[in-house]
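**Q**
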Amino acid sequence: MKRFIKMQQLAIIVLLAVTLLGLGYRHIVSAKQVMAPKVESAVTATKKKVQPKKTPKKKTIDWRAPSEKQAYPDLKQHPNAWLDVSQGKQRVYVKDGTKVLYTMYASTGINNTTPNGTFTIEAERGQSFFNQSLNEGANYWTSWSGHGVYLFHTVPTDASGNYEVAEAEKLGQKASHGCVRLTIADAKWIHDNIPFGTKVVVHDP
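Residue numbers (full-length UniProt numbering): 1 to 205.
Here's what the structure looks like:
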């Protein structure tokens, strides 16, 4: 009888052991299932952090063409148009009052060589010039201060009249000796269309 009871006890112990082992295994599996997504998400996050940032492409300015795709303004409809030169933004705005009619890329002077203030388009203008002392020229120039000192004109040309590509590609940043450089098309439009006496305002912002 005692032997039978011992066998029953032993069977109960074995059954309990098997049950506990089974429960432990299920807990381990559950833990793995819970942890797996966290590990995967951590790896994914690490990969995202490691990926290099894309550098935005610098906009290329076509220094030969008009700055905008739209047509230049008809100044007969805007008799009070004026030119707003922003040295901060390196732009020339053709305005009627506060309304912007057209925006042009520009390059004003390095080292504060372009004066700020209110000026007017002067009588002097021409097809081309070449400055021996600077070894640089330009086309379609229009004076706005100093009667031939400060001009609107194209990107620079060399002594042979060829456009200096390296200088032309600086359009949109300060690069000149004091004049306001423009695309070829924009400079020609100002030369051909902006009348004597038109207000020109140059400022830093």
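Beta carbons: idealized from backbone N, C-alpha and C, even for Gly.
Buried or exposed: Phe152, going by 16 or more other Cβ atoms within 10 Å of its Cβ?
**A** Buried, because 16 or more other Cβ atoms sit within 10 Å of the Cβ of Phe152.
**Q** Just the Cα atoms here: how many angstroms apart are Arg91 and Asn139?
**A** Whole-angstrom Cα-Cα distance: 19 Å.
**Q** For Tyr93, which residues does DSSP report across the bridge?
**A** Answer is Asp84, Thr103, bridged to Tyr93.
**Q** Can you list, in chain order, the residues of its chain whose CB lies under 6 Å from that of Pro156, leaving out five sequence neighbours each side?
**A** Answer for Pro156: Glu136, Ala138, Glu164, Glu167, listed in chain order.
**Q** Cutting at 6 Å between CB atoms, please list the residues of its own chain near Pro195, excluding the five before and the five after it.
**A** There are no such residues.
**Q** Is it true that the CB of Gly172 sits closer than 7 Å to the CB of Tyr105?
**A** Closer than 7 Å, so yes.
**Q** So, helix, strand or coil for Trp63, using DSSP?
**A** Coil at Trp63, not helix or strand.
**Q** Is Asp96 closer than 7 Å to Ala81 when the C-beta atoms are compared?
**A** Against a cut-off of 7 Å, the Cβ pair of Asp96 and Ala81 comes out as a contact.
**Q** My output table needs one value for Lys199: the three-state DSSP class, helix, strand or coil.
**A** If DSSP states are grouped into helix, strand and coil, Lys199 belongs with the strands.
**Q** Assuming Gln87 contacts Val202 (C-beta within less than 8 Å), just tell me the rounded distance between them.
**A** Contact flag correct, Cβ pair sits at about 7 Å.
**Q** With DSSP run on the structure shown, which of helix, strand or coil describes Glu167?
**A** Three-state DSSP puts Glu167 in a helix.
**Q** Once you ignore the five residues that flank Lys170 on each side, which residues in its own chain have a CB closer than 7 Å to its CB?
**A** Closer than 7 Å at Cβ, skipping near neighbours: Ser107.
**Q** Can you tell me whether Asp74 is buried or exposed? The criterion is at least 16 other CB atoms within 10 Å of its CB, across all chains shown.
**A** So Asp74 counts as exposed.
**Q** Using the rule of at least 16 other Cβ atoms within 10 Å of the residue's Cβ for burial, across every protein chain shown, is Leu134 buried or exposed?
**A** Exposed: under 16 other Cβ atoms inside 10 Å.
**Q** Per DSSP, which one or two residues make a beta bridge with Tyr150?
**A** Its beta-bridge partners are Ser145.
**Q** Would you mind giving the Cβ-Cβ distance between Lys174 and Ile110, rounded to the nearest angstrom? I have them listed as a contact below 8 Å.
**A** Right, their Cβ atoms sit about 5 Å apart.
**Q** Do you know how far the Cα of Lys89 is from the Cα of Ala31?
**A** Per-residue confidence for Ala31 stands at a pLDDT of 45, beneath the threshold of 50, marking its modelled position as unreliable; no derived number is given.
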